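The numbering of the sequence shown is my numbering, which starts it at 1108 and goes up by one. Worksheet for the structure shown next.
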Amino acid sequence: MGHVTRDIAWCEIDIDTTNRVIFLQQRWLYNWIVAPGQTAWTATERRDFHNAADRLVWQYWSGRAFLRARGTSQVARTPGNYVVNWDIRWVTSNQHWTVTVQKIAPSAQVTSSVRWNARTISLDTNDINPRTVSTSRPTNRQYPVAHEFGHSAGNTAVLGRGDEYPASSPHNSDFRSMMNQGSELRTRHFDTIIGELNTMIPNTTFQVAVIR
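Have a look at this one:
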């Protein structure tokens, strides 16, 4: 079958049935702003931020999940799992997401966010640096940009699966989860994308086989 592709509102999906790779790419259009007292963004700083964010998304989201196809199609009946890879691409038009990045002081703290329905992401320059979310659990560290990317990948309260650290979350005690305080992925973090994948090949559904 080769490649089965679909461009949806929040990412582009490519199911490579030959090499058994599911590749998902988000197109990001950036707005670069500065906090009071900060210098204007240089071209090098913009490029370095994007490259760092792209590397972190790849490091923490790609090559971690493997999906199994089920059903009566030839794709489903062919043995072997599909690796899931994610990527962000810097664009100047036709974006999935409009991403505002604020340059702030290294000591500053700003809350980043993703607005699912508006397809907007708010980040800052400290989001590509590791942080310890809770001093009571110093080994649970995460890169904020990887956490926020998780929201843009469908882990959003709009769909009933947002942040996991609130007391109201059923996953509140899973401190190592990417959508909580840590950097580990869980099967549930792929629910939204699996819902999309299951519409792409007739008589074929996907499920998570392994998370690494």
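Even for Gly, the Cβ is constructed at its ideal location relative to N, Cα and C. All of these numbers come straight from a predicted model, not from anything done at the bench.
Is residue i helix, strand or coil when you go by DSSP?
{"i": "T1112", "result": "strand"}
{"i": "W1223", "result": "coil"}
{"i": "G1261", "result": "coil"}
{"i": "D1123", "result": "strand"}
{"i": "T1246", "result": "coil"}
{"i": "F1282", "result": "coil"}
{"i": "V1252", "result": "helix"}
{"i": "R1238", "result": "strand"}
Between residue i and residue j, what straight-line distance do the alpha-carbon atoms span, to the nearest angstrom?
{"i": "Y1137", "j": "G1170", "result": "26 Å"}
{"i": "T1239", "j": "N1247", "result": "6 Å"}
{"i": "V1182", "j": "I1308", "result": "8 Å"}
{"i": "E1255", "j": "R1283", "result": "15 Å"}
{"i": "C1118", "j": "I1195", "result": "9 Å"}
{"i": "D1298", "j": "G1261", "result": "8 Å"}
{"i": "S1275", "j": "T1179", "result": "40 Å"}
{"i": "P1186", "j": "L1131", "result": "22 Å"}
Residue i: buried (16+ other C-beta within 10 angstroms of its C-beta) or exposed?
{"i": "M1108", "result": "exposed"}
{"i": "H1110", "result": "exposed"}
{"i": "D1234", "result": "buried"}
{"i": "Q1070", "result": "Residue 1070 lies beyond the stretch modelled for the chain, which goes from 1108 to 1319, so this question has no answer here."}
{"i": "V1315", "result": "buried"}
{"i": "I1300", "result": "buried"}
{"i": "Q1133", "result": "buried"}
{"i": "L1230", "result": "buried"}
{"i": "G1302", "result": "exposed"}
{"i": "G1289", "result": "buried"}
{"i": "S1259", "result": "buried"}
{"i": "T1311", "result": "buried"}
{"i": "V1191", "result": "buried"}
Please list the terminal residues of the continuous beta strand (DSSP E) segment that includes residue i.
{"i": "T1205", "result": "W1204 to K1210"}
{"i": "S1197", "result": "As written in the sequence, residue 1197 is Trp, which differs from the Ser given in the question. Where W1197 is concerned, the enclosing beta strand (DSSP E) stretches over Y1189 to V1198."}
{"i": "A1183", "result": "No beta strand (DSSP E) contains A1183, which is instead part of the alpha helix (DSSP H) from Q1181 to R1184."}
{"i": "I1318", "result": "T1311 to I1318"}
From the DSSP output, which residues share a beta bridge with residue i?
{"i": "S1377", "result": "Residue numbering for the chain in the displayed model covers 1108 to 1319; residue 1377 lies beyond these limits and cannot be assessed."}
{"i": "Y1137", "result": "V1206"}
{"i": "L1174", "result": "Y1189 and V1315"}
{"i": "V1128", "result": "D1123 and V1190"}
{"i": "E1291", "result": "S1284"}
What is the residue span of the alpha helix (DSSP H) that residue i lies within?
{"i": "D1298", "result": "D1298 to L1304"}
{"i": "D1161", "result": "A1150 to W1168"}
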